[in-house]
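Reading through the structure tokens given below for one structure.
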Amino acid sequence: MTVLQNAAKTPDGVTLNGFLLSPVVEQCSGCERVRRFEEQDFCSSYANPGSKWNGGRCNFATHIKKAQATTAKVNPLKASKRAAKGR
Ligand code: SF4
Numbered sequence: 081m082t083v084l085q086n087a088a089k090t091p092d093g094v095t096l097n098g099f100l101l102s103p104v105v106e107q108c109s110g111c112e113r114v115r116r117f118e119e120q121d122f123c124s125s126y127a128n129p130g131s132k133w134n135g136g137r138c139n140f141a142t143h144i145k146k147a148q149a150t151t152a153k154v155n156p157l158k159a160s161k162r163a164a165k166g167r
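Note that this note's numbering has the sequence shown beginning at 81, numbered continuously upward.
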């Protein structure tokens, strides 16, 4: 996994460019924006990943977009089944 660049360990926690970072949440698992630092996983885009998942999914989640692409691939199949019924 890619290491978080420019992060620093402070008495308050891990910071990046002056922002205090919170570790990623369970839903972030599999996202390409997860970065490792000091045995913990952080998001390269958000200081507080948990808030990105409050009331919905994170709009920057790379693993969710992949899941949607898989769903899109199913559509031509359905279309061909519909076409077969019409025959
Ligand atoms: S982009 Fe969203 S899903 Fe990915 S690690 Fe960051 S907060 Fe989690």
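We treat Cβ as the ideally placed atom computed from N, Cα and C, and that holds for glycine.
Q) Near the ligand SF4, which residues have their beta-carbon less than 6 Å from any of its heavy atoms, given in chain order? A) Residues with a Cβ closer than 6 Å to any heavy atom of the ligand SF4, in chain order: V104, C108, C111, R113, V114, C123, S125, Y126, P129, K132, C138, F140 and A141.
Q | Chain-order list of residues whose beta-carbon lies under 7 Å from that of V83 (same chain, five-residue window excluded) | A | R115, R116 and F117
Q: For C108, name the three-state secondary structure that DSSP assigns.
A: helix
Q: Spell out a yes or no on whether the region 127-139 and the region 90-105 are touching, meaning 3 or more CB-CB pairs, one atom from each, closer than 8 Å.
A: yes
Q: Would you check if the distance between the CB atom of R162 and the CB atom of F140 is smaller than 9 Å?
A: no
Q) In or out: A159 buried (at least 16 other Cβ within 10 Å) or exposed? A) exposed
Q. From which residue to which residue does the beta strand (DSSP E) around G93 run?
A. Counted as a single uninterrupted DSSP element, the beta strand (DSSP E) harbouring G93 occupies residues G93 to L96.
Q. Within this structure, are the beta carbons of F122 and L96 separated by less than 9 Å?
A. yes
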